[in-house]
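Student:
Number of protein chains: 2
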Amino acid sequence: MLRIGELATKTGLTAHTIRFYEKSGLINASQRSESGYRYYTDTDVRQAEFVKTARKIGFSVDDVSTLLSIRVDKSNHTCQDVTEITQRKLNDVNEKISELLLMQQTLKILLNSCCGGPESATHCSIMEALDASNALKPRIVAE
Amino acid sequence: MLRIGELATKTGLTAHTIRFYEKSGLINASQRSESGYRYYTDTDVRQAEFVKTARKIGFSVDDVSTLLSIRVDKSNHTCQDVTEITQRKLNDVNEKISELLLMQQTLKILLNSCCGGPESATHCSIMEALDASNALKPRIVAE
DNA sequence: TATAAACTTAGAGTTAACTCTAAGGTCAAG
DNA sequence: CTTGACCTTAGAGTTAACTCTAAGTTTATA
Ligand SMILES: [Zn+2]
Ligand SMILES: [Zn+2]
Ligand SMILES: [Zn+2]
Ligand SMILES: [Zn+2]
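Going down the list, the protein sequences come from chains A and B.
Residues in the first sequence are numbered consecutively from 263, following this note's numbering.
Residues in the second sequence are numbered consecutively from 263, following this note's numbering.
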């Protein structure tokens with residue numbers, strides 16, 4: 263039986279976060295001491311680790327909540343249920359990556375166009391590009 | 263001279279956002295009618311477009327604020343000043359991309375391992391992976 | 001003139017996931 | 001018995017960038 267600090271150490275979460283997850287319904291302490299201290303059983307610890315793993319992969323707290331409800335009642339859920347959540351998450355991630363790659367591309371173009379030196383920014387091509395509003399069309403770029 | 267709604271149409275921002283940007287010091291209306299309506303000059307419009315462009319590229323409101331202060335006083339700033347902001351942003355973006363690629367990789371592995379069918383999740387490999395906490399080590403994976 | 005669209009303000013609400021604070025209680029070690 | 005580390009709670013604060021509301025004013029149009 264671990265106390266909250268020990269669970270924190272074990273999982274890499276903070277005690278604060280564990281309490282927050284408790285409020286969110288992700289982690290609970292099977293036992294409480296008379297004085298109110300939380301005590302975590304092995305089962306609780308495994309659930310906390312599940313939560314940590316799922317969060318680390320990138321699932322939202324809400325997703326983890328759903329995954330946990332599947333976890334406690336696997337026989338009434340299907341692989342499809344699980345892949346749906348996972349696929350949705352992957353789609354999110356893919357979309358974010360696309361956006362970021364576009365930003366990356368544009369930023370690279372800007373950096374390539376500017377000398378970066380100590381001279382006056384009066385004719386800085388980055389500033390000019392931002393003013394021209396066609397700085398938003400990244401193309402094939404070297405490097 | 264445009265009113266806020268017209269500027270909104272022209273820039274693709276909303277009137278709300280323009281007012282928010284005003285509070286944040288990014289956009290201001292050179293004129294006000296007697297009744298208090300904002301009126302934007304061509305110069306204001308160009309600044310608003312600069313803001314829109316910079317935001318679209320991914321610069322934070324704070325970054326844009328800094329870029330604007332360079333913009334109004336280019337001769338007292340250098341290309342280095344500008345590239346620093348841009349490079350910092352690119353570094354941020356690169357870091358986020360790395361994190362997302364890791365997530366993407368892991369999610370792909372999970373999806374590959376699960377049949378995704380209508381059968382019970384009792385032996386679902388995604389659930390197993392989340393329970394095993396070694397689901398976090400993405401390796402080379404086929405597409 | 002009447003109506004509707006557009007505008008004004010201050011300030012509150014949204015989202016996600018924490019993060020921290022205050023004020024106090026508990027427990028093991030020395 | 002005292003000290004210090006650890007625990008408790010409710011609830012407020014953080015961040016970024018909006019987004020919305022309410023209640024009222026102005027303006028253009030029919
Ligand atoms: Zn230069
Ligand atoms: Zn430059
Ligand atoms: Zn299956
Ligand atoms: Zn499965």
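Backbone N, C-alpha and C fix where the C-beta goes; we use that ideal spot for every residue, glycine too.
Here the structure is a predicted model, which is why all the values come from computation and not from measurement.
Are any of the Cβ atoms in chain B nearer than 8 Å to that of Q293/A?
Tutor: So, not an interface residue.
Student: I'd like to know if the stretch 332–345 of chain A and the stretch 373–388 of chain B are in contact, where contact means that at least 3 CB-CB pairs between them fall below 8 Å.
Tutor: The answer is yes - the stretch 373–388 of chain B touches the stretch 332–345 of chain A, with three or more Cβ pairs under 8 Å.
Student: Does H278/A come out as helix, strand or coil in the three-state DSSP assignment?
Tutor: Three-state result, H278/A: helix.
Student: Whose CB is closer than 5 Å to a heavy atom of ligand 3? List the residues in chain order.
Tutor: My final list is C341/A and C377/B.
Student: Could you give the C-beta distance for K351/B and D325/B, rounded to a whole number, given that I count them as a contact under 8 Å?
Tutor: Indeed they touch by this definition, with Cβ atoms about 7 Å apart.
Student: Specify the secondary structure class of T271/A as computed by DSSP and reduced to three states.
Tutor: Helix.
Student: Compare the C-beta of V323/A against all C-beta atoms of chain B and say whether one is closer than 8 Å.
Tutor: Closer than 8 Å: no.
Student: Assess contact between the stretch 363–372 of chain A and the stretch 301–316 of chain B, defined as three or more Cβ pairs (one per stretch) separated by less than 8 Å. Is contact present?
Tutor: No contact exists between the stretch 363–372 of chain A and the stretch 301–316 of chain B.
Student: T340/A by DSSP, collapsed to three states: which one?
Tutor: DSSP places T340/A in strand when its eight states are reduced to three.
Student: Does any residue of chain B bring its CB to less than 8 Å from the CB of D282/A?
Tutor: The sequence shown places Phe at residue 282/A, rather than the Asp named in the question. Judged by the 8 Å Cβ criterion, F282/A is not in contact with chain B.
Student: In chain order, what residues of the same chain lie with their CB nearer than 7 Å to the CB of T273/B, ignoring the 5 residues before and after it?
Tutor: A310, E311 and K314.
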